[in-house]
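Below you'll find the structure, written out as structure tokens, and then a few comments.
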Amino acid sequence: MTSVAYAAGPAIGGAGGFASFLPLILIFVVFYFLLIRPQQKQAKQHQAFLGDLKKGNKVITKGGIYGEITGISDSALTLEIAENIKIKVDRSSIAGPQVKDDAKGAKDKKLKTSGS
Numbered sequence: 001m002t003s004v005a006y007a008a009g010p011a012i013g014g015a016g017g018f019a020s021f022l023p024l025i026l027i028f029v030v031f032y033f034l035l036i037r038p039q040q041k042q043a044k045q046h047q048a049f050l051g052d053l054k055k056g057n058k059v060i061t062k063g064g065i066y067g068e069i070t071g072i073s074d075s076a077l078t079l080e081i082a083e084n085i086k087i088k089v090d091r092s093s094i095a096g097p098q099v100k101d102d103a104k105g106a107k108d109k110k111l112k113t114s115g116s
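All the letters of the sequence shown, read from the start, carry residue numbers 1 to 116 under the working numbering.
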């Protein structure tokens with residue numbers, strides 16, 4: 001003899017196929033908008049920055065070296081890091097533009113004065 005609960009089981013499980021994938025789809029959508037898309041946008045901006053480099057730009061390398069571009073080739077840049085001291089670095093080792101110290105100094109002053 002079969003019970004009523006056993007007979008009703010397969011009818012309920014039929015709709016569970018798509019419903020079980022819905023949370024995975026929602027998680028992927030959230031990851032796309034919160035992680036993948038912003039990272040791709042940042043990578044495009046960095047590639048555009050590397051493409052627009054020219055002599056005289058002040059940059060910082062990924063190793064933390066500040067310098068001014070004095071020479072450019074397809075894959076390498078020559079940076080002057082001090083007077084008459086030049087180094088050659090790969091273009092991909094450039095992290096970004098050198099930010100002005102005035103902006104940082106003003107922020108530090110504001111923090112010091114507001115804390116007193």
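Backbone N, C-alpha and C define an ideal beta-carbon position, used for all residues, glycine too.
Chain-order list of residues whose beta-carbon lies under 8 Å from that of residue i (same chain, five-residue window excluded)
{"i": "Lys54", "result": "Ile69, Ile72"}
Per DSSP, cross-strand counterpart(s) of residue i
{"i": "Thr61", "result": "Ile94"}
{"i": "Ala76", "result": "Asp90"}
{"i": "Ile69", "result": "Leu79"}
Within 8 Å, strictly: CB atoms of residue i and residue j
{"i": "Ala132", "j": "Ile60", "result": "The first residue shown for the chain is 1 and the last is 116, placing residue 132 beyond what the model contains."}
{"i": "Leu77", "j": "Arg91", "result": "yes"}
{"i": "Lys58", "j": "Pro97", "result": "yes"}
Neighbourhood of residue i by C-beta, 7 Å cutoff - its chain only, sequence neighbours within 5 removed
{"i": "Lys62", "result": "Ser93, Ala95"}
{"i": "Ser116", "result": "A caution first: Ser116 carries a pLDDT of 46, below 50, which makes its placement in the model too unreliable to give a value."}
{"i": "Leu50", "result": "Arg91, Ile94"}
Sequence-distant residues of the same chain with beta carbon closer than 6 Å to residue i, five excluded per side
{"i": "Lys88", "result": "Ala76, Thr78"}
Closer than 8 Å to chain D by CB, residue i
{"i": "Gly96", "result": "Protein chains in the displayed structure number just one, and chain D is not present."}
In chain order, what are the residue ranges of uninterrupted alpha helix (DSSP H) at least 4 long that sit wholly in the stretch 10-58? Listed in chain order, the alpha helix (DSSP H) elements of length 4 or more contained wholly in the stretch 10-58 are 16-31, 37-51.
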